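Trainee:
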Amino acid sequence: MTDIARNMLFEPGAPLRGTVSVPGDKSISHRSLMLSALAVGESRVSGLLEGEDVLATAAAMRALGASIERTDDGIWHIHGVGVGSLVQPGTALDMGNSGTSTRLLMGLLASHAVTATFVGDASLSKRPMGRVTTPLGLMGAAFMTAPGGRLPLTMRGLVPAVPIEYRLPVASAQVKSAVLLAGLNAPGITRVIEPIPTRDHSERMLKGFGAELTVETEADGTRIISIRGEADLKPQTLTVPGDPSSAAFPIVAALITPGSEVTVTNVGMNPTRTGLFRMLQAMGADLTITNAREVGGEPVADLVARHSVLTGIDVPADVAPSMIDEFPIFFVAAACAQGVTRTSGLDELRVKESDRLALMARGLARIGVSVEELEDGLVITGRGGDPLGGGNSPPTIAAELDHRIAMSFAIAGLNTRGGLIIDDMSPVATSFPGFVDMMASLKGGA
Numbered sequence: 001m002t003d004i005a006r007n008m009l010f011e012p013g014a015p016l017r018g019t020v021s022v023p024g025d026k027s028i029s030h031r032s033l034m035l036s037a038l039a040v041g042e043s044r045v046s047g048l049l050e051g052e053d054v055l056a057t058a059a060a061m062r063a064l065g066a067s068i069e070r071t072d073d074g075i076w077h078i079h080g081v082g083v084g085s086l087v088q089p090g091t092a093l094d095m096g097n098s099g100t101s102t103r104l105l106m107g108l109l110a111s112h113a114v115t116a117t118f119v120g121d122a123s124l125s126k127r128p129m130g131r132v133t134t135p136l137g138l139m140g141a142a143f144m145t146a147p148g149g150r151l152p153l154t155m156r157g158l159v160p161a162v163p164i165e166y167r168l169p170v171a172s173a174q175v176k177s178a179v180l181l182a183g184l185n186a187p188g189i190t191r192v193i194e195p196i197p198t199r200d201h202s203e204r205m206l207k208g209f210g211a212e213l214t215v216e217t218e219a220d221g222t223r224i225i226s227i228r229g230e231a232d233l234k235p236q237t238l239t240v241p242g243d244p245s246s247a248a249f250p251i252v253a254a255l256i257t258p259g260s261e262v263t264v265t266n267v268g269m270n271p272t273r274t275g276l277f278r279m280l281q282a283m284g285a286d287l288t289i290t291n292a293r294e295v296g297g298e299p300v301a302d303l304v305a306r307h308s309v310l311t312g313i314d315v316p317a318d319v320a321p322s323m324i325d326e327f328p329i330f331f332v333a334a335a336c337a338q339g340v341t342r343t344s345g346l347d348e349l350r351v352k353e354s355d356r357l358a359l360m361a362r363g364l365a366r367i368g369v370s371v372e373e374l375e376d377g378l379v380i381t382g383r384g385g386d387p388l389g390g391g392n393s394p395p396t397i398a399a400e401l402d403h404r405i406a407m408s409f410a411i412a413g414l415n416t417r418g419g420l421i422i423d424d425m426s427p428v429a430t431s432f433p434g435f436v437d438m439m440a441s442l443k444g445g446a
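Just so you know, we're using full-length UniProt numbering here: the sequence shown kicks off at 1 and counts up by one.
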């Protein structure tokens, strides 16, 4: 892997052709390390995403007592300490850019007799943690935060923690997972009520590790997830499927680049994560799902994307949780489509690594796209196949340390008149360290 430069030019060129794989699913990678650290014995994980976010989780679990090492064959070996046996970390836990690591680890530690301080980079330190500290506070954990409920944050867990029944006020897999993880070491039943389904990796993996967990679905779609505490987790051998959020980039690149055909192998197809693929197909994308199978309890398939004439659509608000991380690259697809694409229900995008609605609206406008920024979404009038951009020199897009903004506009650059410059591509190392090399290989495969 080559080092990722800061300022990088992305411009149109040859059609994209070839077969690629993408890094392991970030959500599953985080959870595999955390649950393995809570099992007694050795777990083995292959296909782990080795980006900075997941490496921050691995470092934190080592600081909390687990033994974690990677062997030359790419397999991660985790010797866990058991639920209730995490140890006091000697220093602050540096979570880098990873909001998932931070919120899930806060859940883990809420029911352990541990005091821990969480710190992060400039981007993570802007992100609110109140949505997690509120339910964990009900379970007995205590928090001291920076103004606005942000990092740096110090928390003190409680043993025994108080099992609660908590109805999610917003659709958030991170909040749900934090409460369930806290419930692992709380006596009795901890229950989360989820009015709008979100990604269910935590439920699948907790069951796989031996936790006593049930899911009931009511007539209106509300899910009631119950976990029995003081659990005894069993070590596992896991294979992490490719991250659908990362697969989104070469797929959209192929769809908007004339003459292209790209296959992405081993992509996780959990139905709580495939909203982007469904919406692209609704726009008319030539996107074929092949070789469907199951790996480690998760559905997996290969995806074949060919250049397509896309048409704008209205995206139902209830689809948002199943593609929340993919909206930046979806907006690029919408910018290249014919007609108008309308989105709503995307308040969550304002509190990600950046305000993704504002940044995408600003960046798309810079490359000649008609876009209206709403409080909870964007309305994009696509260019109908006309190249984006149009200035005398490539415009510079400010990614503001957000890896998905940087990669999305890198893909947009493939369908511009004269290219565009991303001010800083280094943040893509958090989730997709091989992104630039992969895109270069597809250009060379024509």
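All residues carry an ideal CB built from backbone N, CA and C; glycine is no exception.
A quick note: this is a predicted structure, and the numbers were derived from the prediction, not measured.
Decide if Met144 is buried, meaning its Cβ has at least 16 other Cβ atoms within 10 Å, or exposed.
Mentor: Taking the sequence shown and counting its residues from 1, the one referred to as residue 144 is at position 144. Flag for Met144 reads exposed.
Trainee: Report the rounded CA-to-CA distance for Ser111 versus Ala410, giving the unit in angstroms.
Mentor: Here residue 111 refers to the residue found at position 111 when the sequence shown is read from its first residue. Here residue 410 refers to the residue found at position 410 when the sequence shown is read from its first residue. Near 42 Å, if we compare the C-alpha coordinates of Ala410 and Ser111.
Trainee: DSSP three-state call for Gly268: helix, strand or coil?
Mentor: By one-based count along the sequence shown, residue 268 stands at place 268. Here Gly268 sits in strand by DSSP.
Trainee: Indicate the three-state DSSP secondary structure (helix, strand or coil) for Met8 in the structure shown.
Mentor: Position 8 of the sequence shown, counted from the first residue, corresponds to residue 8. Strand at Met8.
Trainee: Taking only the alpha-carbon atoms, compute the straight-line gap between Ala334 and Met439 and give it to the nearest angstrom.
Mentor: In the sequence shown, residue 334 corresponds to position 334, counting from 1. In the sequence shown, residue 439 corresponds to position 439, counting from 1. The straight-line gap from Cα to Cα measures roughly 21 Å.
Trainee: Give every residue of the same chain whose Cβ lies closer than 7 Å to the Cβ of Ala365, excluding the five residues on either side of it in the sequence, and list them in chain order.
Mentor: As a position in the sequence shown, residue 365 is number 365, starting the count at 1. Result list for Ala365: Val371, in chain order.
Trainee: Drop a sphere of 10 angstroms on the beta-carbon of Val170, count the other beta-carbons inside from all chains shown, and report buried for 16 or more, exposed for fewer.
Mentor: For the purposes of this step, residue 170 is taken as residue 170 along the sequence shown, with counting starting at 1. By the neighbour-count rule (16 or more Cβ atoms within 10 Å), Val170 is not buried but exposed.
Trainee: Which residues bound the alpha helix (DSSP H) around Thr134?
Mentor: The residue labelled residue 134 in the question sits at position 134 within the sequence shown. That run of the alpha helix (DSSP H) goes Gly130 to Leu138.
Trainee: Assign Ala14 to one of two classes, buried (16 or more other C-beta atoms within 10 Å of its C-beta) or exposed (fewer than that).
Mentor: For the purposes of this step, residue 14 is taken as residue 14 along the sequence shown, with counting starting at 1. Result: exposed.
Trainee: Got a sec? Which residues, its chain only, sit under 6 Å from Thr381 by beta carbon, not counting five neighbours each side?
Mentor: Locating residue 381 in the sequence shown gives position 381, counting from the first residue. Here the set comprises Val340 and Ser370.
Trainee: Which of the three DSSP states, helix, strand or coil, is assigned to Glu348?
Mentor: Here residue 348 corresponds to residue number 348 of the sequence shown, with the count starting at 1. The answer is helix: DSSP assigns Glu348 an H, G or I state.
Trainee: Rounded to whole angstroms, what's the CA-CA distance from Gly210 to Thr237? Just pull it up for me.
Mentor: Locating residue 210 in the sequence shown gives position 210, where the first residue counts as 1. Locating residue 237 in the sequence shown gives position 237, where the first residue counts as 1. Approximately 13 Å, taken between the alpha carbons.
Trainee: Report buried or exposed for Leu109, applying the criterion of at least 16 other Cβ atoms within 10 angstroms of its Cβ.
Mentor: Translated into the one-based positions of the sequence shown, residue 109 becomes position 109. By the 10 Å Cβ count, Leu109 comes out buried.
Trainee: Counting C-beta neighbours from all protein chains within 10 Å, is the total for Arg6 16 or more, i.e. buried, or is it exposed?
Mentor: One-based indexing of the sequence shown puts residue 6 at position 6. Exposed, since its Cβ has fewer than 16 Cβ neighbours within 10 Å.
Trainee: Based on DSSP bridge pairs, tell me the residues matched to Pro160.
Mentor: In the sequence shown, residue 160 corresponds to position 160, counting from 1. Looking at the DSSP assignment, Pro160 forms no beta bridge with any residue, so it has no partner.
Trainee: Does DSSP put Val83 in a helix, a strand or coil?
Mentor: In the sequence shown, the residue the question calls residue 83 occupies position 83. In this structure, Val83 counts as coil in the three-state DSSP scheme.
Trainee: Quick one: what's Leu388 bridged to in DSSP?
Mentor: Along the sequence shown, read from residue 1 onward, the residue named residue 388 stands at position 388. Looking at the DSSP assignment, Leu388 forms a beta bridge with Thr416.
Trainee: Leaving out the 5 sequence neighbours to the left and right, which residues in its chain are closer than 6 Å to Gly363 when beta-carbon positions are compared?
Mentor: On the sequence shown, position 363 is the one that residue 363 refers to. So the qualifying residues of the chain are Ile397 and Phe409.
Trainee: Using 8 Å as the threshold, is the C-beta distance between Pro258 and Arg223 below it?
Mentor: On the sequence shown, position 258 is the one that residue 258 refers to. On the sequence shown, position 223 is the one that residue 223 refers to. Cβ atoms of Pro258 and Arg223: not closer than 8 Å.
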